[in-house]
Amino acid sequence: MAAALLKRALEAELGQSEAQKVEVSSAGLAAIPGSMASPQAMAVLREEGLDLTAHRAQQVTREMLKAADLILTMTRRQKEFLLEWDPATRGKVWTLGEVSALAGKDTAETQDICDPFRQGEEVYRSVREDIKASLDPLVTYIKKILTK
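In this note's numbering, the protein residues as written are 11 to 158.
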């Protein structure tokens, strides 16, 4: 959900041509490669006008981590796992809340965004809103990087 919401936020703020300069992808720590987004994720993003039918899960790899400029996790635990698994990610792996705090939203710094997997649509909606609340500061941060 976060990748789709971020892509839309970047397009809204930067315009489509500038947003295309930012590669946004999604990968999981325990993903089943090739699996579709959950029906709940599809439903709550459909409410936002986003279509996840083409989304397929992929497992995070060291190659992905090496190629990335910025790696965002939803929780501190996920961040810590990546740092242990691949110490070379130090300095470029952050929780979404931490990046939002760096961009000026101090209350987000310690906030983990829960994994709604196997929960109902209400939990997915709550997670969607948590993600959306973190995106404005993140987009501002990315915009500053692009305009340097």
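Virtual Cβ for every residue (Gly too), placed ideally from N, Cα, C. Only a predicted model underlies this, so the values are computations on that prediction, with no experimental measurement involved.
Between which two residues does the beta strand (DSSP E) harbouring residue i extend?
| i | result |
| --- | --- |
| Val-149 | Looking at the DSSP string, Val-149 is not in any beta strand (DSSP E); the run it does join, the alpha helix (DSSP H), is 131-156. |
| Gln-39 | Just to set this straight, residue 39 is Leu in the shown sequence, not Gln. Unbroken run through Leu-39: none, as it is neither H nor E. |
| Leu-82 | 81-83 |
Taking DSSP as the reference, what is the three-state secondary structure of residue i?
| i | result |
| --- | --- |
| Gln-68 | coil |
| Gly-59 | coil |
| Val-34 | coil |
| Glu-119 | Per-residue confidence for Glu-119 stands at a pLDDT of 47, beneath the threshold of 50, marking its modelled position as unreliable; the derived number appears in the next sentence. Glu-119 falls in the coil class under three-state DSSP. |
| Glu-28 | helix |
Can you tell me where the alpha helix (DSSP H) holding residue i begins and where it ends?
| i | result |
| --- | --- |
| Val-109 | 106-112 |
| Leu-92 | 86-95 |
| Leu-20 | 12-24 |
Less than 7 Å separating the beta-carbons of residue i and residue j?
| i | j | result |
| --- | --- | --- |
| Ala-41 | Val-149 | no |
| Ala-47 | Glu-131 | no |
| Ile-141 | Ala-37 | no |
| Ile-81 | Lys-102 | yes |
| Leu-106 | Ser-144 | yes |
| Leu-60 | Ala-14 | yes |
| Tyr-134 | Ala-29 | no |
| Pro-49 | Gln-68 | no |
Rounded to the nearest angstrom, how far is the Cβ of residue i from that of residue j, given a contact under 8 Å?
| i | j | result |
| --- | --- | --- |
| Ile-160 | Val-70 | Since the first and last residues shown for the chain are 11 and 158, residue 160 lies out of range. |
| Met-84 | Asp-125 | 7 Å |
| Val-34 | Leu-16 | 5 Å |
**OP:** Give a yes or no on contact between the segment 93-100 and the segment 58-66, applying the rule of three or more CB pairs nearer than 8 Å.
**Re:** no
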